[in-house]
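A short worksheet on the structure shown next.
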Amino acid sequence: MPASRGLSRVRLAADSDTTAQIARWALAAYALLAVLASLHPFTGWRDPGVPFWAFIDDPKPRYLTQFDLVANVLTYIPFGFLAVFAQPAHRHRAMVLLLALLPGVLLSFCMEATQTYLPMRYATWTDWLANSTGTLLGALIALPVARAWLNSPAAANWQRRSFVAHPGLLVALVALWLVSQLHPSALPFINGQFVPLVAALLQQWLEIPLRSSPLDVTRALSADQFAAVDMLAGALGLVALLLLARLSLTRVAPRVVLLLTLLAVAVLCKTVATGLQFGPDEAFGWWGTATQKALLAACVAAVVIAFLPGWAAGSLCVLALLLQMIFVNIVPENPYFAATHSRWQHGVFIGFFGVTQWVAALWPLAALVAVLGRRWREA
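Going by our numbering, the sequence shown wraps up at 513, each residue one higher than the last.
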């Protein structure tokens, strides 16, 4: 009996380490998103002639709205939540709470201080206080949840059966893919369109007009042909995601269920994002015939991918990532989407959607590095 208890403790410790590793990668990704969203669009840096901590002494910040306060609290709740799960299970609760709160407070302070040098940003102590409050709330919510999760044999067994060793980076990349879908795109479910962004930066720096696509065949494509392109792009992007997710799952995991659930979450993210961008009445405006065909193809692919061996899934994932980066950067701009995009409601989400654009552009590169690095370590 003592030996079995000791073995159970060892297994629970190993499972808690896996949970902490996933949470650390997710926390790092979330912190990066917070930094990018706080400093976007990264232009117009100047010296305002005041110290970076001057915002603390501002007695009554301007442009203060109830929406800003609520949004700043909600934004940092996930940070505090993940910061609790990222810590060792044996640490005292008071220390866990303190070490979860401090990084959020420091990160928010650094972002407000840096915004002092950005003309399109306004640093306020109320934002800092709201972010810190959100971090504290997230940590307080996570404390009982983490204790229940880490002490649950059923949760530990599910985690042990579902995820391979060191799945943190892969899981974080899957989460970032979902974030990337919050940006409006002419090609649904596909990422890697970095050529237009790089061309825009070079054009701004060099003051030389550059084309955002190496091909200019817009006039040669009809609406039906663009629909076919949308279907192919969507299916390719979803297959790449499914292959990446498959690499994080064990042979005994319920892979078909998990992969199909991932597709359902992707649909939910796209619907919510479209509602925020174009209004709730058009939340399903992206749900066209081409997208439906792409999702149907992805559902079939999910069943096939679920039964692939790890080496095959890794090789196909590299191929799919390369193909989507090539495909999305040579396809010309869709004028039919451009007409719809003109009604995009930037509003208060302009900074957030600017960040999601870069996440979408760079995600395949990050995923490619992660997959190749994992295969190199396993070789």
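Note that CB positions come from ideal geometry on N, CA and C, so glycine has one too.
All figures in this text were calculated on a predicted structure; none of them were measured in a lab.
In the three-state scheme derived from DSSP, where H, G and I count as helix and E and B as strand, Phe297 is classed as strand. The residues Trp159, Ala160 and Ala163, in chain order, have a CB closer than 6 Å to that of Ala306 in the same chain once the five nearest residues on each side in sequence are set aside. Note that the C-beta distance between Ile324 and Val204 is not below 8 Å.
Counting only unbroken stretches of 4 or more residues, the alpha helix (DSSP H) elements lying wholly within the region 394 to 440 are 423 to 440, in sequence order. Contact annotation: Leu442 and Arg511 have beta-carbon atoms that are not nearer than 8 Å.
Between Leu208 and Trp492, the C-beta gap is not smaller than 8 Å, which leaves the two residues out of contact.
Selection Ala494, Arg508, Val505 and Ala504 evaluated against Trp311 yields Ala494 as nearest (Cα-Cα). The C-alpha of Gln411 lies about 9 Å from the C-alpha of Ala417.
Looking at Ala257, Leu392, Thr250 and Phe215, the one whose alpha-carbon comes closest to that of Ser296 is Leu392. By the C-beta density criterion, Arg225 is exposed, having fewer than 16 other C-beta atoms within 10 angstroms. Checking the DSSP bridge columns, you'll see Leu198 has no partner listed. Its chain contains Gly238, Val239 and Ser242 as the residues whose beta carbon lies nearer than 7 Å to that of Ser266, once the 5 sequence neighbours on both sides are disregarded; these appear in chain order. By the C-beta criterion, the region 253 to 271 is judged not to be in contact with the region 281 to 300, since fewer than 3 inter-stretch pairs fall below 8 Å. By the Cβ criterion, the region 383 to 399 is not in contact with the region 449 to 461, since fewer than three pairs of Cβ atoms, one from each stretch, lie closer than 8 Å. Contact fails between the region 368 to 378 and the region 276 to 289, because fewer than three Cβ pairs, one in each stretch, are under 8 Å apart.
Cβ-Cβ distances below 7 Å link Arg509 to Gly448 in the same chain, with the five nearest sequence neighbours on each side left out; the list follows chain order. Per DSSP, reduced to three states, the secondary structure at Leu383 is strand. Leu270 is a Cβ neighbour of Gly214, given a cutoff of 8 Å. For Phe176, the number of other beta carbons within 10 angstroms of its own is below 16, and it is reported as exposed. Taking the Cβ atoms as the reference, Gln155 lies roughly 27 Å from Gly371, outside the contact range of under 8 Å. Inclusion of Val298 and Thr408 in the CB contact set at 8 Å is not warranted, their separation being larger than that value. Annotation: Ala247 to Trp497 spans about 29 Å, alpha carbon to alpha carbon. Scanning the region 170 to 221 from its first residue to its last, the whole alpha helix (DSSP H) runs of 4-plus residues come out as 200 to 219. Remark: C-beta atoms of Leu321 and Val465 approach each other more closely than 8 Å. Gln221 is classed as buried because its beta carbon has at least 16 other beta carbons within 10 Å across all chains shown. Taking 8 Å as the cut-off, the beta carbon of Ala432 is found closer than this to the beta carbon of Leu397. Of the candidates Leu173, Leu216, Ile190 and Leu502, Leu216 places its Cα closest to the Cα of Ala273. DSSP, read as helix, strand or coil, puts Asn285 in coil. Taking a contact as a CB-CB distance under 8 Å, the pair Gly178 and Met229 does not count as one, their CB atoms being some 41 Å apart. Around the beta carbon of Phe201, a 10 Å sphere encloses fewer than 16 other beta carbons of the protein chains shown; the residue is thus reported as exposed. The Cβ neighbour count for Thr153, taken over all protein chains shown within 10 Å, is at least 16; the residue is labelled buried. Bounds of the alpha helix (DSSP H) holding Val308 are Gly302 to Ser314. Cβ-Cβ distances below 7 Å link Phe219 to Thr153, Ala154, Ala157, Ala276 and Ala280 in the same chain, with the five nearest sequence neighbours on each side left out; the list follows chain order. Non-local C-beta neighbours of Gln249 in its own chain, meaning closer than 6 Å and more than five positions away in sequence, comprise Arg255 and Ala257, ordered along the chain. Arg255 sits in coil when the DSSP states are folded into three classes, being neither helix nor strand.
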